[in-house]
Structures are given as structure tokens and as C-alpha cells.
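Presented below is the structure to which this report refers.
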Amino acid sequence: MGDSKDTFESAKEALREKIRKVPDFPEKGVLFEDLTPVLADAHALRVVIKEMARVSENLGADLVGGLDARGFLLGSAVAYEMGVGILAIRKKGKLPPPVITQEYKTEYSTAALEIPASGIDLDGKKVVLVDDVLATGGTLSAATDLIQRAGGSVVGYVVMLEVQGLDGRSRLGDVPVVVLDQ
Ligand code: AMP
Numbered sequence: 005m006g007d008s009k010d011t012f013e014s015a016k017e018a019l020r021e022k023i024r025k026v027p028d029f030p031e032k033g034v035l036f037e038d039l040t041p042v043l044a045d046a047h048a049l050r051v052v053i054k055e056m057a058r059v060s061e062n063l064g065a066d067l068v069g070g071l072d073a074r075g076f077l078l079g080s081a082v083a084y085e086m087g088v089g090i091l092a093i094r095k096k097g098k099l100p101p102p103v104i105t106q107e108y109k110t111e112y113s114t115a116a117l118e119i120p121a122s123g124i125d126l127d128g129k130k131v132v133l134v135d136d137v138l139a140t141g142g143t144l145s146a147a148t149d150l151i152q153r154a155g156g157s158v159v160g161y162v163v164m165l166e167v168q169g170l171d172g173r174s175r176l177g178d179v180p181v182v183v184l185d186q
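As C-alpha cells, then:
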């Protein structure tokens, strides 16, 4: 127990020190949480990945799903640390056919995510979805639909931080949501 509390506190501290908050980007009224400095710092990266891997293991995941694009950076390191594979959940148009496509609404438009429809067996897989920021929850919710349509299940969501006031969690059902910076 002592160990897990230490990793959790170290990850939280590293995030608080390194996150750069940028007002009015990419548009007025949005406080952009720039996590690039966290990824570029050896200590912060290590404690964040270790904590994400620890909670993902506790959730019983046997595959990591990383969200395009910052979720790839985190997700592949988490998967490596856990000794499992990574599924890159891509923005529309990047993967060759056949693909499974899921459209979703963002604040101002529609977007779509895709995964391969062949070559990866997701049947019965327990997937943890990893990303940097949970905002409206639209991205993680669409990724969940994709995993389920391919026969897998989502056992949890692990993100570095959550934008307050948007209630993104309400779109994610009863599955655990773990936010490091909380
Ligand atoms: P959402 O689908 O609304 O939960 O948005 C999540 C995606 O948008 C994540 O992949 C984030 O990288 C990005 N995002 C949304 N809001 C912010 C924010 N305030 N700061 C940084 N990234 C954000």
C-alpha cells in the first residue's frame, strides 16, 4: 500500500509542476492543458507512466487502447510497462481498409475514430483506454463504442487530467475513470 500511495503522490506532484496552462487556445474561452513538458521530463514521465500502468493492471486490463495522438505517447509506454499490447485508436482516414468507424460529436462539429477490422482479435479483450485529457468525454465514449463493436470490453479509463465543469464522466457509464491529477 505504501508503494502505491507513493507512486500516486509522485505522479500528481510531477503533473502539477509541469503542466502548462494556456488560456484562450485553440479558441477563446478554452484553457488548454499543455502536457508536453510532462512528457519531456524524465522524472515526470516515469512516475506518470508507472502510476498509469499500476492502475491499469488493477483494472484487469490485457490490452491498452491509446487515443490519437497524445494517447499514443502515454499508451504505448503504459502497455510496455504492463507487458501487454497497444491498440492505436486513430483519427479517420489514417488506416487502410477494412476499418470500423465511429462518428461522434465534438463541441462544434463531428469527428470520427477508426480501428482495423482485421488483423487484431479484440474478441473478449479487456481494454483500458488511455489519453491525456478528459473534456466532454466524446472521444473516449466513441472509442468505447469501437472496442465493443469489435467484441472487446472497456474495463477503465485512465487520463492525466480532467477539465472540470463539462461532466465528461456522465458519457462513460459505470466503468471506472481514473484521473491522475485528482
Ligand atoms: P473530449 O472528447 O471533449 O473529452 O476531448 C478530449 C480530447 O481533446 C483529448 O484527446 C484531449 O487531448 C483534447 N482536449 C480537450 N480539451 C482539452 C484541453 N482543455 N486541454 C488540452 N487538451 C484538450
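Using this note's numbering, the letters of the sequence shown correspond one by one to residues 5 to 186. Even glycine gets a Cβ: it sits at the ideal position worked out from N, Cα and C. Keep in mind that this is a model prediction, so the values were computed, not measured.
Residue 182 and residue 130 have their C-alpha atoms spaced approximately 16 Å apart. In the structure shown, residue 13 falls within a helical segment according to DSSP collapsed to helix, strand and coil. The beta carbon of residue 127 lies closer than 8 Å to those of 154, 155 and 156 in the same chain, with the five residues before and after it left out. Here the alpha carbons of residue 16 and residue 9 stand approximately 11 Å from one another. Assignment of residue 88 by DSSP, reduced to helix, strand and coil, places it in the coil class. Taken from the Cβ of residue 34, at least one heavy atom of the ligand AMP lies inside 7 Å.
Distance from the C-beta of residue 40 to the nearest heavy atom of the ligand AMP is not below 7 Å. If you ignore the 5 residues before and after residue 116, its C-beta comes within less than 6 Å of the C-beta of 96, 105 and 107, all in its own chain and listed in chain order. With a contact defined as Cβ atoms closer than 8 Å, residue 176 and residue 93 miss out at about 15 Å. By the C-beta criterion, the region 135 to 152 is judged to be in contact with the region 66 to 86, since at least 3 inter-stretch pairs fall below 8 Å. In this structure, residue 159 keeps its C-beta atom at 8 Å or more from the C-beta atom of residue 59. Relative to residue 65, the option among 46, 51, 43 and 91 whose CA is nearest is 91. Burial check for residue 78: the Cβ neighbour count within 10 Å reaches 16 or more, so the residue is buried. DSSP places residue 82 within a helical segment (H, G or I) once states are collapsed to three. Looking only at 37, 55, 22 and 21, the smallest Cα-Cα distance to residue 28 is reached by 37.
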